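Take this note's numbering: the last position of the sequence shown gets the number 101, and nothing is skipped along the way. Scroll down for the structure; my scribbles are underneath it.
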Amino acid sequence: MPTFDTLPPTLAGLGLALHLALGLGLGLAYFRSLRWSLERLLPQGRAAAALLAGVLRFALLGAALTVISQEGALPLLSTALGLMAARSLATRRMRRAAP
Numbered sequence: 003m004p005t006f007d008t009l010p011p012t013l014a015g016l017g018l019a020l021h022l023a024l025g026l027g028l029g030l031a032y033f034r035s036l037r038w039s040l041e042r043l044l045p046q047g048r049a050a051a052a053l054l055a056g057v058l059r060f061a062l063l064g065a066a067l068t069v070i071s072q073e074g075a076l077p078l079l080s081t082a083l084g085l086m087a088a089r090s091l092a093t094r095r096m097r098r099a100a101p
């Protein structure tokens, strides 16, 4: 199986674009589940469940990034850029929803 470093430039660019999309998807799922936890678990007094959901969310994201890091620095950085874009989208959405 070819590594990221040995791919032709066009495939490498496509791979980076796919990692960017993957990071965006991971980030949107992460922040959507964070919002879900805060809206549904904390008001009900289920702080332990909210904490467990946070640890699980963080562990899954860490596992995904660990797997991606095996492909090299550029795929990892591209995925991280997607995560940062998702964070920006999530915070912008929350600012609009705030009273």
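Here a beta-carbon is modelled for each residue, glycine too, at the ideal position from N, C-alpha and C. These numbers come from a predicted model, not from an experiment.
Linking residue 100 to residue 42 through their CA atoms gives a straight-line distance of about 17 Å. The beta carbon of residue 23 sits closer than 7 Å to those of 84, all from its chain and outside the five residues before and after it, given in chain order.
When secondary structure is reduced to three states using DSSP, residue 48 falls in the coil class, being assigned neither helix nor strand. Residue 100 sits in coil when the DSSP states are folded into three classes, being neither helix nor strand. Judged by beta-carbon spacing, residue 35 lies beyond the 8 Å limit of residue 52, meaning their Cβ atoms are not closer than that value.
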